[in-house]
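The UniProt record's numbering numbers the first residue of the sequence shown as 1 and each following residue consecutively. Glycine included, C-beta positions come from ideal geometry on N, C-alpha and C. Some notes on the structure that comes next.
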Amino acid sequence: MIKQRCQWVTDDAVYIAYHDHEWGKPQYNDQKLFEMLCLEGAQAGLSWITILKRRENYRLAFDQFDPIKISKYNDQKIEILLQNEGIIRNRRKVNAFIKNAQAFLKVQEEFGDFCTYIWSFVGGKPMINHWQKHEEVPAFTKESEQMSKDLKRRGFQFVGPTICYAYMQATGMVNDHTRDCFLYAGRK
């Protein structure tokens, strides 16, 4: 029997694995939350599959998304990254990873961890939606707009409301599996 998945999933094995094992599942690990925030920003203007297929390259290039190491990158490191064909070689996006690492560390210092801060935008628990079809899923919500505004205020980049909503979906802050998806039924 073929599993019915959310409409956005293609037949690409990378997309299927991401949908089935990550998307919509709550994530509380600070480093993973940081990684996904960076990757969602890197995706701006591109398809998500483009970034997913380069995720391992990003992990290697950016020290497994260690925010302490990334926050200290200098011009020489940036130039090396801009030569790396395994990532999207966009100077603004590479610089955003560094700015985001610096802002991330400040948030950790203020709140004790990033998880507490970022999950506060949904009251600390996943928002469960009940969409019939993919077309009903919004591009952004008032929560993602609030998150975007606050992240920008704190110095984060590439964190517009649409990117923030995709981030919320990716990290399980929002569960948008549609009713026809096999993962919808098992949600709590």
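Checklist entry - Looking at C-alpha atoms only, which residue of Q76, L82, C115, F140 is the closest neighbour of Y58? => result Of all alpha-carbon atoms in Q76, L82, C115, F140, the one lying nearest the alpha-carbon of Y58 is that of L82.
Checklist entry - In angstroms, rounded to a whole number, what distance separates the CA positions of R89 and Y184? => result 37 Å
Next on the checklist: One question on the structure: do P138 and M173 come within less than 8 Å of each other, judged by their Cβ atoms?
Outcome noted: no
Next on the checklist: Within a Cβ cutoff of 7 Å, which residues of the same chain sit near L33, ignoring the five residues on either side of it in sequence?
Outcome noted: Q27, F114, C115, I118, T171
Checklist entry - Is S71 closer than 8 Å to I98 when the C-beta atoms are compared? => result yes
Checklist entry - Using the C-alpha atoms, what's the distance from C181 back to H130? => result CA-to-CA, the gap between H130 and C181 works out to about 11 Å.
Checklist entry - How many Å lie between L39 and G24 at the Cα? => result Distance between the alpha carbons of L39 and G24 is about 16 Å.
Next on the checklist: If you reduce the DSSP assignment to three classes, tell me which class N95 lands in.
Outcome noted: helix
Checklist entry - I think R154 touches A103, with their Cβ atoms under 8 Å apart; what is that distance to the nearest whole Å? => result 5 Å
Checklist entry - In the DSSP assignment, what are the bridge partners of V174? => result M127
Next on the checklist: Please list the terminal residues of the continuous alpha helix (DSSP H) segment that includes I49.
Outcome noted: 48 to 52
Checklist entry - Going by Cα to Cα distance, which pick from Q76, F156, H177 is closest to G41? => result F156
Checklist entry - If you drop the 5 nearest sequence neighbours on each side, which residues of the same chain put their C-beta closer than 6 Å to that of P67? => result For P67, where only same-chain residues beyond five positions count, the Cβ hits under 6 Å are F34, A101, F104, L105.
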